[in-house]
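Shown next, in structure tokens, is the structure this report addresses.
Number of protein chains: 2
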Amino acid sequence: MLGEATIDWQSKRREAARQEILSAAWAVARENGLAGLTLREVAARVGMRAPSLYSHFASKNAIYDAMFEQAWSAYEEWVATADLPAHPRAALRVRAHRFFRFATADLPRHQLMNLRTIPGFTPSPEGYAPAVRVMDELRAFLAGMGVTDDGDVDLYVALVGGLVDAQWANDPGGTRYARLIDRAVDMYADAVHLPKVTDDLEEP
Amino acid sequence: MLGEATIDWQSKRREAARQEILSAAWAVARENGLAGLTLREVAARVGMRAPSLYSHFASKNAIYDAMFEQAWSAYEEWVATADLPAHPRAALRVRAHRFFRFATADLPRHQLMNLRTIPGFTPSPEGYAPAVRVMDELRAFLAGMGVTDDGDVDLYVALVGGLVDAQWANDPGGTRYARLIDRAVDMYADAVHLPKVTDDLEEP
DNA sequence: GTCTATAGTTTGATAGAC
DNA sequence: GTCTATCAAACTATAGAC
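These protein sequences, in sequence, are chains Z and G. So the first sequence is residues 1 to 204, counted in my numbering. So the second sequence is residues 205 to 408, counted in my numbering.
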């Protein structure tokens, strides 16, 4: 009776191989650009030949897809591990900093997650799932502080995303736009009428 | 004595050929993506073979460079042709709409101008010149309405750019973020203390 | 200035032995 | 599951005839 155990062991090996390939793919993307990813290069880094990758991924785009899912899952986790201050404005600041830091830490990852850099690539529904979860969670988070209007949610997304893209475009590796996060969040908080930090949260 | 006239005629032909090639390059980029640009395809559209392009451009990146310059020059002109309302807030709105409309009209153009989509490509100083002029003009424009702080200028750039990128990422071809421009500009105007529209501009 | 010819790579993907 | 071998195609760029 070793059938089940063998299957389990095999599927673990398979999963480990997949992860190793994806890890190599990230490294290649970071060095040669997201569009500069090649199967040969990825395979070489895991001690394989290019055709062997097809035992683990159906195509090059399937690798992009897995990377997309991985990136959004990583962000989901990164957001979840933040412990947020009780005050809405302060919490919003922390979240904005979290997103900014994640999105400015890795250009190909940011391009894959948020920009349309690869001409043919569109994420599959499964690959897209974590991104949807993140957006749902953000909506719930903002609703928790009284921001329920869809336009207000979109405005927050655009505002923080704009800081990220401006950072990459005009000062990559610097802090020129990172320094504006608090100012931007406060501006937004005023616009959607979040209570000031000096206000008492318990009393109306 | 036909030397000068001949030279003039020849240089005009040359310039016309360059423009035709660039025009074809834009068409290819729009169809196959910015990174999907190929010399063969561009050449075919102007009735040439790929090697003939090297009589007009030194390399593929030289074509990207000319496109970059052309895009920013086109935006420079597009901004200049706007006639702006006298009131600062209204003028700022019009400018934001102008940028948004330009940047959401053509994805490869936007990617070339504002994102780092092509792994190896960096614009030359000459290609970059119109972009610098545009930023200088924006700074002067904002200074004219009392916004002189560098951070405030950067915040405006990030805010409007963020709406553009969110539009491309989450609702390409739609109006979901276009509808937020006025709200965003007003939010910004409040933050930098521009006078309200109802205020009298002549009196302090 | 445009052509043919071609060099010299590189690519994603498949077939079939082991 | 990984390999070798290979395909079919595409790429940028150069050389040299016309």
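Ideal placement from N, C-alpha and C gives every residue a C-beta, glycine not left out. All values derive from a computational prediction rather than experimental measurement.
Expressed to the nearest angstrom, what Euclidean distance is found between the alpha-carbon atoms of residue i and residue j?
i, j, result
"Z/A50", "Z/P119", "22 Å"
"Z/A17", "G/Q223", "50 Å"
"Z/L138", "Z/V46", "37 Å"
"Z/R183", "Z/H97", "12 Å"
"Z/M67", "Z/W168", "21 Å"
"G/P408", "Z/A166", "Annotation note: pLDDT 43 at G/P408 (below 50); position unreliable, coordinate value reported separately. Distance between the alpha carbons of G/P408 and Z/A166: 35 Å."
"G/P376", "G/W213", "44 Å"
"Z/N114", "G/L398", "32 Å"
"G/P334", "G/V283", "12 Å"
"G/E280", "G/M391", "26 Å"
"Z/L239", "Z/L53", "Residue 239 of chain Z cannot be examined here, being either before or after the span of chain Z that is shown, 1 to 204."
"G/V401", "G/P292", "8 Å"
"G/S215", "G/A266", "19 Å"
"Z/A44", "Z/W26", "13 Å"
"Z/L112", "Z/R179", "25 Å"
"G/A290", "Z/A35", "46 Å"
"G/A362", "Z/S55", "44 Å"
"Z/V185", "G/A393", "15 Å"
Is it true that the CB of residue j sits closer than 8 Å to the CB of residue i?
i, j, result
"G/V396", "G/D358", "no"
"Z/A177", "Z/F121", "Correcting the residue type first, residue 177 of chain Z is Tyr in the shown sequence and not Ala. No, Cβ-Cβ distance for Z/Y177 and Z/F121 is not below 8 Å."
"Z/A72", "Z/V134", "Reading off the sequence, residue 72 of chain Z comes out as Trp, not Ala. In contact: Z/W72 and Z/V134 (Cβ atoms closer than 8 Å)."
"G/G350", "Z/G162", "no"
"G/E219", "G/E273", "no"
"Z/V94", "Z/A103", "no"
"G/L288", "G/A278", "no"
"G/I385", "G/F304", "yes"
"Z/A24", "Z/V42", "yes"
"G/G237", "G/P327", "no"
"Z/D106", "Z/R30", "yes"
"Z/D148", "G/T321", "First, the residue type needs correcting, since residue 148 of chain Z is Thr and not Asp in the sequence shown. No, they are not a contact pair."
"G/Y332", "G/L346", "no"
Quick one: does residue i have its CB under 8 Å from some CB of chain G?
i, result
"Z/W72", "no"
"Z/G174", "no"
"Z/A189", "no"
"Z/L194", "no"
"Z/P119", "yes"
"Z/L84", "no"
"Z/R207", "Residue 207 of chain Z lies beyond the stretch modelled for chain Z, which goes from 1 to 204, so this question has no answer here."
"Z/Y177", "yes"
"Z/V197", "no"
"Z/L112", "no"
"Z/L53", "no"
"Z/L92", "no"
Spell out whether any CB of chain Z is found under 8 Å from the CB atom of residue i.
i, result
"G/D310", "no"
"G/A340", "The sequence given here has Asp at residue 340 of chain G, not Ala. It does not; no Cβ of chain Z falls within 8 Å."
"G/E407", "Confidence at G/E407 is low in this model, with a pLDDT of 46, below 50, so its placement is unreliable and no value can be given for it."
"G/Y197", "Past the boundaries of the shown model lies residue 197 of chain G; chain G is included only from 205 to 408, so the question cannot be answered."
"G/V361", "yes"
"G/A388", "yes"
Taking Cβ-Cβ distances below 9 Å as the criterion, which residues of the region 24-47 of chain Z are in contact with chain G?
If the cut-off is 9 Å between Cβ atoms, the region 24-47 of chain Z has N32, G33, L34, A35, G36 near chain G.
Taking any Cβ of chain Z, which residues in the region 342-376 of chain G have a Cβ under 7 Å from it, in chain order?
Of all residues in the region 342-376 of chain G, only G355, D358, L359, V361, A362, L363, G365, G366, L367, D369, A370, W372, A373 come within less than 7 Å of chain Z when Cβ atoms are compared, listed by chain position.
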